[in-house]
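Structure record follows, encoded as structure tokens.
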Amino acid sequence: MRSYKTTGVVIRRRNIGEADRLLTVFTKHHGKITIQAKGVRKISSRRSGHIELLNLVSLSLYKGRSMSTLTEVETIDNFSSVKDNLKSVGFAYHICELVDSLCAENQENSQVFSLLCDVLSKLESREDHVVLISAFEKQLLSALGFSHQTHLVNTQGLIEEILERRLKTRRMFPFFD
-16 MRSYKTTGVV IRRRNIGEAD RLLTVFTKHH GKITIQAKGV RKISSRRSGH
34 IELLNLVSLS LYKGRSMSTL TEVETIDNFS SVKDNLKSVG FAYHICELVD
84 SLCAENQENS QVFSLLCDVL SKLESREDHV VLISAFEKQL LSALGFSHQT
134 HLVNTQGLIE EILERRLKTR RMFPFFD
């Protein structure tokens, strides 16, 4: 079956060529996948608004030789109140960086997908973002098998040790401390 549908959250995007874009989407049934979205940077593109960062989308894809190509997309939730607040956006980008960095390509993990959607929903309404992000980091590490300890104090240190690099969002957004 070369065509398939899935639901996912856009966690990363990169421009390629004149009008195309590469998307990294964390999906419920396929895990983290890279998708080529042809022509979405053109002014006349009807799909460009749907594939913004942090959007929960329903995707129709065509399986190519090297990667899937986007054929149709529909927004389920765009988490607009998260995008309206700079502090919330910083935390959301941090969440996306963690999921993108720690999860392997094409490995289904419905627990991480549920965790990702849940934390984005809570980010819309919750005031204490630092506690929410700390809990998310611990649950993500546990779901991925990196840590079974729920009493971890320094999750940032463990994550940076696993990735063997510093987290970009921690340096860009000073309100984590």
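According to my numbering, the sequence shown is numbered sequentially starting from -16.
The C-beta atom is built at its ideal place from N, Cα and C for all residues, glycine as well.
Distance, Cα to Cα, residue i vs residue j?
i, j, result
"M155", "R149", "11 Å"
"I145", "R(-5)", "20 Å"
"S71", "T152", "12 Å"
"E110", "L123", "21 Å"
"L69", "G47", "37 Å"
"C100", "L39", "8 Å"
With DSSP as the reference, please indicate the residues paired to residue i in a beta bridge.
i, result
"V82", "According to DSSP, V82 bridges with nothing at all."
"D60", "L39"
Nearest to residue i by alpha carbon, out of the options?
i, options, result
"V(-8)", "A118, S93, G73 and R24", "S93"
"R24", "F96, S84 and G0", "G0"
"F74", "R4, K21, S117 and R(-15)", "S117"
"Y(-13)", "L53, F9, T17 and K21", "L53"
"M63", "S104, D83, T152 and E120", "The sequence given here has Ser at residue 63, not Met. Answer by Cα proximity: S104."
"I59", "T(-10), L141, E147 and R(-15)", "T(-10)"
"R30", "R4, E147, V65 and Y76", "R4"
"H13", "M50, F129 and I142", "M50"
"T7", "L42, S125 and D67", "L42"
"E147", "L115, S84, H112 and V114", "S84"
What distance in whole Å lies between the Cβ atoms of residue j and residue i, which are believed to be in contact at a cut-off of 8 Å?
i, j, result
"V56", "I26", "So it is not a contact: roughly 17 Å between Cβ atoms."
"V102", "L127", "About 15 Å separates the two Cβ atoms, so there is no contact after all."
"I16", "L81", "Wrong, their Cβ atoms sit about 17 Å apart, outside the cutoff."
At a threshold of 7 Å, does residue i count as lining the ligand HEM (C-beta to nearest heavy atom)?
i, result
"L103", "Although the ligand HEM was asked about, the structure shown includes no ligands whatsoever."
Subject >> Secondary structure, alpha helix (DSSP H): runs of 4+ residues fully inside the region -7 to 28 >> reply: If we require 4 residues or more, the region -7 to 28 turns out to have no alpha helix (DSSP H) run fully inside it.
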